[in-house]
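Each remark here refers to the structure printed beneath this line.
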Amino acid sequence: MNRARRAGLGITLAVIVAVGLVVGGVLAAGGEESAEAQAPFMGLADPKAAYDLRFFDEMIMHHQGAIMSSAGMIADSRRPELRKLAQRIQASQTRQLKQMQTWRKQWYPRAGDSMMSMGGMPGMGEGVGSMGMMGRDAMMGGDHAERMFLRMMVPHHQLAVEMGEDALENAEHEELKGLARAIVDEQSAEIEQMEGYLKAWYGDESTRDLAAPMREMMGRMMGGMHGMGAQHGMGMPERSPGG
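In this text, residue positions in the sequence shown follow numbering that gives the first Met the number 0: the first is 0, and each later residue adds one.
Rendered as C-alpha cells:
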C-alpha cells in the first residue's frame, strides 16, 4: 500500500471510530444545535469540489460506516428483527456505494482518490466491522451494543436523508437525483422502524434530533484532516462549471 493510500486508510478508520464518540458527545451536550449545523454536508469532503463530487465523497464515507456497523449486528445480535434490518441496510447501501464509486470515476476522472474512500483497500473490514461507528460501546456486546446501534443509526440515517433531500434540489446529474430519492425513501422508512424498536425494547425516545449536532461535531473534528489529505496529494478537487 503506497503512502497516500495508507494516509487515507488511517483517516477513514479514525473517522469511523470517532462517530461513536461523537454520538456520546452530542448526548452529553444535550443535543443543542447551532446555526452552523444547518448545512446538509458534514465537512468530510473538500468544500471547493463540485456538488456531485462532494456528495459522493461524503455519502460514500457515510455508507461505509453503516455497512460496517451493520456487519457487527448481523454477526452478534440476538434479535432476529435487528439482524434482518442490518442485513437489509448492508445489502442496499453496498449496492448504492458501488454505484456512487462508479459514477465518481466516470464523471470526475481527474479528482483522484477520495481521502474518505476505502474501496479496494485490502483488509479494510478486518478487525473493524464489528465495531463500526459504535466505538468502545460495541465491545460491551449484547443488549447494550444493540441499543447503541439503534441510538446511533437513527441520527446517522437522518443525516443521509437530509443530504439526499438537498441533492434532489441541487445535484447536477439526474442519475444522482434518482439515487438520492432512493436514499431518502429507504432510510426514512428504516428510521421509523428503528424508532419503533427503541421505544418497544428500551422505552427510548427517538434520537433523530441528534443529527444536526452530530453533523456539526463531525465537521469540527474533520477540519484538520483535509490538510492532512492534501499533504499526501489526495482528493484533487474538480470545481463546478461555474466555480
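C-beta: ideal position from N, C-alpha, C; glycine also. Quantities reported herein were computed from a predicted structural model and do not represent experimental measurements.
| Check | Outcome |
| --- | --- |
| Three-state secondary structure assigned by DSSP to E204 | coil |
| Contact between the region 190–202 and the region 87–94 (3+ Cβ pairs under 8 Å) | no |
| P142 classed as buried or exposed, judged by whether at least 16 other C-beta atoms fall within 10 angstroms | Note on residue identity: the sequence assigns Asp, not Pro, to residue 142. Burial call: exposed. |
| Continuous alpha helix (DSSP H) stretch holding A70: start and end | Y50 to D75 |
| Touching by the beta-carbon criterion (3+ pairs, under 8 Å), the region 203–221 and the region 166–176 | no |
| A159 vs S76 beta-carbon contact at 9 Å | no |
| Straight-line Cα distance separating R82 from M72 | 6 Å |
| Segment contact flag, the region 173–180 with the region 59–74, C-beta cutoff 8 Å, min 3 pairs | no |
| Spatial distance of Q98 from R78 (CA atoms) | 31 Å |
| For S33, the three-state DSSP class (helix, strand or coil) | Residue placement at S33 cannot be trusted, given a pLDDT of 46 that sits under 50; the coordinates are not used to answer. |
| Exposure label - D184; buried when at least 16 CB within 10 Å | exposed |
| Own chain residues within Cβ distance below 8 Å of R207, not counting five before or after | V153, P154, Q157, I190 and E194 |
| 9 Å Cβ cutoff met for F54 and M147 | no |
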